[in-house]
Every structure is written in structure tokens, then in C-alpha cells.
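Take a look at the structure set out below.
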Amino acid sequence: MVSHGFHDLAPAQIDERHRSLTLTLRVPRGKPRRVTIRPGRRGHAAVDVAGPAPSAAARASIATDVARVLHLDQDLSGFYAIAAEDAALSWAAAGAGRMLRSPTVWEDVVKTLCTTNCSWALTVTMVNALVTNLGDPAVGQRDPLTNAFPTPEIMATQNERFYRAVVRSGYRAPRFIELATMQATGAIDLEALGTSSRDEAPDEEVERQLLALPGIGPYGAAHIMMTLGRNSKLILDSWSRPKYRRASGARRQPTDAQIIRRFRRYGPEAGLAFWLSVTKDWVAQ
DNA sequence: CGTCCAGGTCTAC
DNA sequence: GGTAGACCTGGACGC
-16 MVSHGFHDLA PAQIDERHRS LTLTLRVPRG KPRRVTIRPG RRGHAAVDVA GPAPSAAARA
44 SIATDVARVL HLDQDLSGFY AIAAEDAALS WAAAGAGRML RSPTVWEDVV KTLCTTNCSW
104 ALTVTMVNAL VTNLGDPAVG QRDPLTNAFP TPEIMATQNE RFYRAVVRSG YRAPRFIELA
164 TMQATGAIDL EALGTSSRDE APDEEVERQL LALPGIGPYG AAHIMMTLGR NSKLILDSWS
224 RPKYRRASGA RRQPTDAQII RRFRRYGPEA GLAFWLSVTK DWVAQ
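Here the working numbering is used: position 168 in the first sequence is 151, and no number is missing along the way.
This is the structure:
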């Protein structure tokens, strides 16, 4: 079972009916490839690559990206041990909780920025515009929504007017430029956050780095951290708060402090426990 | 038409 | 430390 965050956004497409996920992956020396991930033989995922057969190097690159997207290396045993003793979450101990994510940390950061202080419809508008106008087309695809997600390099070259007029990002425009420039020049290394372990860098340190990014606050940092497999922070926002109230059956909206207290027992996995509590209805039964 | 607000963040007190 | 105000956009709603 896989729970997804905001990843039904271009260029990714989730097909609930076929339980498949299609996305566009960059490969070394060649155009991006459109790739579909679906359930394979027991305990395995099957990966279909559109177009001509990929080279060995391309296959290796795709396999690495798919493993990252599915978070295959994540060890959730610590979470399951606690969830099994929690009546409200014991269902998750059967294997839920792997957080679907993007091929790059960069993409998850930009998409998170696109979810702040706006409707989901506007988030979709912004991401579609970025992918359509700045993404690299995959082989044999004409739909711009199947482009690979734009690189920080290309996003750094756009001006504020583009982000306002075309992307419809409003006041977020300078943040896109600043973020892209920082990543493109090496002033920050977002991908390194995706490979560092909790032993090397504690969650608090990663959170500090994320909060330093333009346009990223407590909500955004928590969301990005979940995609990094760092689950200590709760994703508290105008969607998850009322969703939690309904899911928990509370009559009145609990305060953030009350919610945090309820998940304290999960320690470093508190954010995951909270997220599964509010997305139980997303998980295929 | 205007006001409100949606999967917030930042600055200025 | 905590909190009001500003901030783009576009859809929902009231008048």
C-alpha cells in the first residue's frame, strides 16, 4: 500500500483503477522517458518504459529513480511497532505509510511551494504551467504535461513577469527565482537532503535548512520532510486540521498542541502517524 | 459587484 | 517568544 501526498500533479499521473503511476524521468544522454510503475509479481513493482528500449545506463537510472519515487529503502518497522498498539492506526501496521515522492527533492520543494496559501485548483494551474512551458519533452510525447519537470537551471532564467503572467503564481514569483538560482548555483544542495541519513543530520537540522528556503515555512518544511522520510513533524494546514477533526470524531477542532500531543507516542514517526490518520480514505483497502 | 478564503509565509512590532 | 497585516489568484458566495 502506498499513500500519496500531493503527487497527482503533472507530470505524474496516478491511475487508481489500474493502481499505476506514470511519470517522466530524466536519463543520462537522451530525452526524458515516460515511465509507468504498476504492481508486478508478488512483492515487486513492474516498470514499463514508453518508446524504444532504453539503454543499460538508462535502465539503471530509471531503476534508481523508481526506487526513490516509491521510497523502497524506507524502514517503517519502528512505526509499525507503535501503530500495532494504537487502535486508530493498527490498520496501517499491515504495510501502509510509504510516502510517494518525486524523482528529485527539487521537484517536491517547488510543488510544495505551489500548494501554499491557495486552492488546490491554483496549485494544479501553477504546476501545469511550469511543466508545460519549461519542462523537457519526453520521446514520442506531444502532451506538454508529460514533460520532465523543469530543472532549477531553466527556472532560474525566467523573470518575475513570467511567473506572474504565465504561471499565475502571484507573489510567489520571486521565490521561484530565488529558489531556482540558489539550487542552480550550488548555494544550496536540495538533493543532498534526500540522501543524508537521520544519523548524519537530525530532523531538526534538516528542518532548519528547509525553513531557511524562500517561501517555505512550518507547513512546507513538514511536507518536504515527509518526502525525505523524516517523519517527526506534522503537516498541519487548513486541509489537514479539519480532516483530522472529522477522522478522529471530535466535535470541536482540536488545537495544534492537542494534535501533537496525541501523536507524541510515535516520536520520530509522529508526522507519519498523523498523515495516515488523515489520509486513511486514500489508501486502497 | 464585493468579500472571503484556500493544503501559508514573512515582516514588523 | 507571540501576533496582526500584507500578499497573488481564482472560485464560491452574498448582495
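A virtual CB, placed ideally from N, CA and C, is assigned to each residue, including glycine.
Out of R12, A29 and P(-6), which has the shortest C-alpha to C-alpha gap to R2?
For the purposes of this step, residue 2 is taken as residue 19 along the first sequence, with counting starting at 1. Of the residues R12, A29 and P(-6), the one whose Cα lies closest to the Cα of R2 is A29.
To the nearest whole angstrom, what separates the beta carbons of R297 and Q141, a pair I think is in contact under 8 Å?
Residue 297 falls outside the range modelled here, since the chain spans only -16 to 268, and no answer is possible.
Collapsed DSSP secondary structure at I171 in the structure displayed:
Taking the first residue of the first sequence as 1, we reach residue 171 at position 188. Note: I171 maps to coil in three-state DSSP.
Straight-line Cα distance separating V32 from G13:
Mapped onto the first sequence, residue 13 falls at position 30. Mapped onto the first sequence, residue 32 falls at position 49. Here the alpha carbons of V32 and G13 stand approximately 14 Å from one another.
N- and C-terminal bounds of the beta strand (DSSP E) containing L105
Residue 105 sits at position 122 when you count from the first residue of the first sequence. Element bounds for L105: not the beta strand (DSSP E) but the alpha helix (DSSP H), W103 to L117.
For the structure I just gave you, are there three or more beta carbon pairs, one from the stretch 105 to 115 and one from the stretch 59 to 70, closer than 8 Å?
At 8 Å Cβ cutoff, the stretches do not touch.
Can you tell me the Cα-Cα spacing of R244 and G23, whole angstroms?
Along the first sequence, read from residue 1 onward, the residue named residue 244 stands at position 261. Along the first sequence, read from residue 1 onward, the residue named residue 23 stands at position 40. Roughly 40 Å between the two C-alpha positions.
Using the rule of at least 16 other Cβ atoms within 10 Å of the residue's Cβ for burial, across every protein chain shown, is A40 buried or exposed?
Residue numbering aside, residue 40 sits at position 57 when the first sequence is read from its first letter. Exposed, since its Cβ has fewer than 16 Cβ neighbours within 10 Å.
Who pairs with D126 in a beta bridge, going by DSSP?
Along the first sequence, one-based indexing puts residue 126 at 143. Residue pairing from DSSP leaves D126 without any beta-bridge partner.
The alpha helix (DSSP H) spanning S269 covers which residue range?
There is no way to answer for residue 269, as the model of the chain reaches only from -16 to 268.
Would you grab the beta carbon distance between A75 and L259 for me? Rounded to a whole angstrom, and I think it's under 8 Å.
Residue numbering aside, residue 75 sits at position 92 when the first sequence is read from its first letter. Residue numbering aside, residue 259 sits at position 276 when the first sequence is read from its first letter. Correct: roughly 5 Å between the Cβ atoms.
At the level of alpha carbons, what is the spacing between D56 and A50?
Counting from 1 along the first sequence, the entry for residue 56 is found at position 73. Counting from 1 along the first sequence, the entry for residue 50 is found at position 67. The C-alpha of D56 lies about 7 Å from the C-alpha of A50.
Which whole-angstrom value is the C-beta distance of E187 and G61, which I expect to be below 8 Å?
Looking up residue 187 in the first sequence gives position 204. Looking up residue 61 in the first sequence gives position 78. Rounded to whole angstroms, the Cβ separation of E187 and G61 is 18 Å, and the two are not in contact under 8 Å.
Does the stretch 173 to 191 touch the stretch 207 to 214, meaning 3 or more C-beta pairs lie closer than 8 Å?
Contact check between the stretch 207 to 214 and the stretch 173 to 191: three or more CB pairs, one atom from each, fall below 8 Å, which counts as touching.
Beta bridge counterpart(s) of A131 as assigned by DSSP:
Numbered from its first residue, the first sequence carries residue 131 at position 148. The bridge partners DSSP lists for A131 are D119.
Expressed to the nearest angstrom, what Euclidean distance is found between the alpha-carbon atoms of A230 and L6?
Here residue 230 refers to the residue found at position 247 of the first sequence. Here residue 6 refers to the residue found at position 23 of the first sequence. Distance between the alpha carbons of A230 and L6 is about 31 Å.
Span of the beta strand (DSSP E), counted from its first residue to its last, around R16
Numbered from its first residue, the first sequence carries residue 16 at position 33. Per DSSP, R16 is one residue of the beta strand (DSSP E) stretching across R16 to P22.
Just checking my contact of F132 with P(-6) at CB under 8 Å: how many whole Å lie between their CB atoms?
Here residue 132 corresponds to residue number 149 of the first sequence, with the count starting at 1. Here residue -6 corresponds to residue number 11 of the first sequence, with the count starting at 1. About 6 Å; that satisfies the 8 Å criterion.
How many whole angstroms separate the CB atoms of T106 and C97, which I take to be in contact at a CB cut-off of 8 Å?
Position 123 of the first sequence, counted from the start, is the residue given in the question as residue 106. Position 114 of the first sequence, counted from the start, is the residue given in the question as residue 97. Right, the Cβ-Cβ distance comes to about 5 Å (below 8 Å), so this counts as a contact.
Report yes if the CB atom of N130 is closer than 8 Å to the CB atom of A121, and no otherwise.
Position 147 of the first sequence, counted from the start, is the residue given in the question as residue 130. Position 138 of the first sequence, counted from the start, is the residue given in the question as residue 121. Contact check for N130 against A121 passes: the beta carbons are separated by less than 8 Å.
How many angstroms separate the CA atom of A64 from the CA atom of R247?
In the first sequence, the residue the question calls residue 64 occupies position 81. In the first sequence, the residue the question calls residue 247 occupies position 264. It is roughly 14 Å from the alpha-carbon of A64 to the alpha-carbon of R247.
Check this for me: beta carbons of K94 and L162, under 8 Å apart or not?
Against the first sequence, residue 94 aligns to sequence position 111. Against the first sequence, residue 162 aligns to sequence position 179. Contact check for K94 against L162 fails: the beta carbons are separated by 8 Å or more.
How close, in whole Å, do the beta carbons of I45 and P37 come, if the pair is a contact with beta carbons under 8 Å?
Here residue 45 is taken as the residue at index 62 of the first sequence, counted from 1. Here residue 37 is taken as the residue at index 54 of the first sequence, counted from 1. Confirmed, Cβ separation roughly 7 Å.
Under 8 Å between the Cβ atoms of P15 and R9?
For the purposes of this step, residue 15 is taken as residue 32 along the first sequence, with counting starting at 1. For the purposes of this step, residue 9 is taken as residue 26 along the first sequence, with counting starting at 1. A contact, by the Cβ cut-off of 8 Å.
Excluding sequence positions up to five away, which residues of its chain have a Cβ less than 6 Å from the Cβ of K281?
An answer regarding residue 281 cannot be provided, because it is not within the stretch -16 to 268 covered by the chain.
Q236 by DSSP, collapsed to three states: which one?
Residue 236 sits at position 253 when you count from the first residue of the first sequence. In the structure shown, Q236 sits in coil (DSSP, three-state: anything other than H, G, I, E or B).
Please classify L72: does DSSP put it in a helix, a strand, or coil?
By one-based count along the first sequence, residue 72 stands at place 89. Note: L72 maps to coil in three-state DSSP.
Verify the contact flag: S179, CB atom, against every heavy atom of the ligand SAH, threshold strictly below 7 Å.
Inclusion of the ligand SAH in the displayed structure is not the case, the ligand content being empty and no account of it being possible.
Grouping DSSP H, G and I as helix and E and B as strand, with all else coil, what is P59?
To locate residue 59, count along the first sequence from 1; it is residue 76. Correcting the residue type first, residue 59 is Leu in the shown sequence and not Pro. It is coil, neither helix nor strand.
Separation of Y146 from I199, as counted between CA atoms
Walking along the first sequence from the start, residue 199 turns up at place 216. Walking along the first sequence from the start, residue 146 turns up at place 163. Computed Cα separation, rounded: 17 Å.
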